[in-house]
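Reading through the structure tokens given below for one structure.
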Amino acid sequence: MNFYVDLPKLDSAVNRLAEVEYGLNSSAIKLERIQDELKSLRIYGVENSLNVIVDDLHRQKHETRALLNLLDRCIDIYKDNENMLMELREMEDYINSQEKAEGENPFDFDIFLMFLVHKPDGMSDEEYLDMLRDITKEVEAQRGYGWDPKATNCYVKKLNDALADSDGSDYSEIISNIHDESTMVGSDVYTDMLKASGLSDKEKADLVIDQMGGTIDENGMLQLTGDFKFDPNMPPHADFYDVLSDCVTNSYGKKGADYDGTDVQKIHQLRYYIDYQNITYIREHYKGEGMTDEDALRAYVFDENGLNGDLMDAEPARYHNKFPTTTTYEEYYSGREQNRKRLTPDFHSEFIIDGNGDFVSQWNVLEWNDDGTVISDYQYYYDEYNGENASSKPYTWDEAKMQVANTESFNYADSNGDVHEIIDSGVVNDNDPNYRQNMREGLASPEKGQYKQKYEMDDDFSKKR
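To convert, take the position in the sequence shown, counting from 1, and add 207; that gives our numbering.
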């Protein structure tokens with residue numbers, strides 16, 4: 208790779224292009240004068256033809272001027288950064304020597320020429336070179352995480368933007384902060400990299416799970432054991448959810464799509480961890496002393512950093528009001544408050560609320576191992592809720608099963624319909640972990656004809672979809 212730029216030739220090209228622009232401008236002026244003369248003679252056919260020619264000349268003139276501006280900028284950049292280019296050539300020689308030793312070159316120095324990483328005011332050339340070396344290591348690390356060149360280019364742009372506001376003394380901290388944010392799934396940096404990536408939609412969805420260390424354990428449960436974690440400040444209406452959902456929808460949202468196997472099991476169950484992220488966010492950011500989960504959800508709806516008054520959607524919660532098959536729906540819910548469902552306006556994030564204003568969720572029951580994985584053994588929960596520890600549990604065994612069976616469920620689709628059936632509700636039974644399948648046994652959802660609920664008028668923070 209050669210970074211040498213022949214500035215005299217570039218200057219010559221700019222001068223020739225300027226001559227072309229002058230000629231185009233001169234021709235356009237002459238033709239406009241002829242147009243004026245033809246107008247007075249009322250020769251409309253020729254005039255209309257000239258209109259097309261003049262418009263085309265103006266277009267070429269504007270395009271030529273834009274190209275001239277770009278080339279002028281390039282000349283300024285190369286002249287101003289001649290020392291930097293010399294240092295880059297020095298770095299290239301070093302990398303080439305490493306390539307010979309290791310048999311592989313993991314770096315792409317085009318990235319520096321493409322974006323010309325900002326040199327903070329007051330930073331010496333030696334410090335600048337050190338910073339570029341650190342950024343090179345960052346690019347290598349990002350590629351090790353599975354990102355493609357378009358995503359890593361976006362990453363460098365993020366660094367560049369942050370460095371533009373710095374005097375350079377804190378560049379190591381800036382690089383560290385951007386790196387940390389890039390490992391927080393759903394952060395602005397991570398989301399923009401996912402958007403910019405040239406990977407296919409399926410590859411993007413798989414990459415998110417791979418970066419989070421997604422594996423299916425012996426109980427059929429997705430475990431996230433990687434260094435990448437959800438950004439704790441990611442709200443239920445986050446842009447990331449739209450990007451991820453589009454990836455899944457575009458990959459699998461058509462009838463006949465190949466939506467089975469381990470990859471789909473992971474994609475399906477990732478929704479449950481998003482549920483955990485969402486209810487935890489509402490509880491930690493909005494739930495104060497004496498407040499119910501519903502109170503906190505309402506506060507989120509009207510907070511300017513939340514939905515800013517954009518009401519949630521109220522939908523029937525038929526699948527979230529299961530009943531024991533030993534009785535009937537009418538008997539079980541006679542005198543019993545039913546659960547309600549609320550959705551963010553994008554249809555993705557879902558909350559189930561019981562009669563006390565508390566979230567109904569499997570995450571009220573599930574427990575964690577010391578290594579950060581979820582306890583997924585059905586027998587563990589059966590023993591805990593039916594054994595000597597039962598008195599310390601927040602629910603009876605039957606209530607615990609209802610929490611799991613009636614839990615919320617994030618939606619990849621953006622509305623009800625065939626796509627929602629294919630990628631959300633239609634994959635539950637075959638792709639759920641064993642504990643959910645076991646806890647649903649003996650429970651049923653009411654039929655459409657039986658289900659009755661005045662769900663749309665119960666609060667002031669939602670509307671009927």
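Glycine is no exception: its CB is placed at the ideal position from the N, C-alpha and C atoms. Note that the structure is predicted; figures quoted are calculated from it, not measured.
Which listed residue (the options) has its alpha carbon closest to that of residue i
i	options	result
residue 507	552, 471, 609 and 605	552
residue 572	642, 651 and 371	642
residue 478	493, 495, 437 and 499	437
residue 356	387, 605 and 402	402
residue 408	460, 454 and 562	454
residue 486	525, 549, 517 and 449	549
residue 516	648, 505 and 605	505
residue 581	329, 627 and 425	425
residue 180	378, 358 and 652	Residue 180 lies beyond the range of the chain shown here (208 to 672); nothing can be said about it.
residue 524	547, 534 and 535	547
residue 451	413, 428 and 482	413
residue 562	599, 481, 636 and 665	665
residue 588	417, 624 and 604	604
residue 476	329, 597, 616 and 383	616
residue 439	490, 564 and 599	490
residue 428	558, 461, 460 and 473	473
residue 625	344, 559, 460 and 345	460
residue 488	566, 583, 637 and 644	566
Nearest-angstrom Cα separation, counted from residue j out to residue i
i	j	result
residue 415	residue 660	38 Å
residue 569	residue 611	4 Å
residue 375	residue 434	29 Å
residue 389	residue 541	51 Å
residue 484	residue 448	12 Å
residue 575	residue 421	16 Å
residue 442	residue 619	16 Å
residue 394	residue 334	29 Å
residue 629	residue 471	12 Å
residue 399	residue 361	7 Å
residue 593	residue 423	27 Å
residue 341	residue 432	27 Å
residue 622	residue 556	12 Å
residue 354	residue 458	19 Å
residue 657	residue 544	16 Å
residue 498	residue 539	28 Å
residue 501	residue 331	56 Å
residue 595	residue 377	56 Å
residue 631	residue 639	12 Å
residue 601	residue 379	47 Å
residue 317	residue 352	Because residue 317 carries a pLDDT of 48, less than 50, the predicted location of this residue cannot be relied on, and the following value inherits that uncertainty. Going by the C-alpha atoms only, they are around 20 Å apart.
residue 482	residue 337	43 Å
residue 406	residue 586	41 Å
Opposing strand residues paired with residue i [DSSP bridges]
i	result
residue 365	DSSP, once it has assigned bridges, lists no residue as partnering residue 365.
residue 198	In the structure displayed, the chain extends from 208 to 672; residue 198 sits before or after that span and is not available.
residue 560	547 and 566
residue 531	650
residue 431	421
Proximal residues to residue i (C-beta, below 8 Å), its chain only, five neighbours per side dropped
i	result
residue 373	327 and 381
residue 650	529, 530, 531, 532, 608, 609 and 612
residue 677	Since the first residue shown for the chain is 208 and the last is 672, residue 677 is missing from the structure and cannot be characterised.
residue 667	505
residue 537	657
Contacting residues, own chain, Cβ-Cβ under 7 Å from residue i (five flanking each side not counted)
i	result
residue 411	401, 404 and 454
residue 371	325
Segment limits, alpha helix (DSSP H) that includes residue i
i	result
residue 519	Where residue 519 is concerned, there is no enclosing alpha helix (DSSP H), although the beta strand (DSSP E) it sits in stretches over 519 to 522.
residue 202	A query on residue 202 cannot be resolved here, the shown segment of the chain reaching from 208 to 672 and no further.
residue 586	585 to 593
residue 629	625 to 630
residue 656	Looking at the DSSP string, residue 656 is not in any alpha helix (DSSP H), and its letter there is neither H nor E.
residue 385	378 to 389
residue 452	446 to 459
residue 402	395 to 403
residue 348	332 to 351
residue 608	604 to 612
residue 638	635 to 638
residue 507	500 to 509
Own chain residues within Cβ distance below 6 Å of residue i, not counting five before or after
i	result
residue 365	385 and 396
residue 627	620
residue 672	520 and 522
residue 494	503
residue 419	431, 433 and 435
residue 614	568 and 569
residue 670	518
residue 392	435 and 437
residue 315	Legend: pLDDT at residue 315 = 49, less than 50; position of this residue unreliable, value from coordinates given subsequently. Taken in chain order, the list of residues that qualify is empty.
residue 554	618, 621 and 622
Limits of the beta strand (DSSP E) - the one that residue i falls within
i	result
residue 422	421 to 423
residue 409	Where residue 409 is concerned, there is no enclosing beta strand (DSSP E), although the alpha helix (DSSP H) it sits in stretches over 408 to 418.
residue 671	669 to 671
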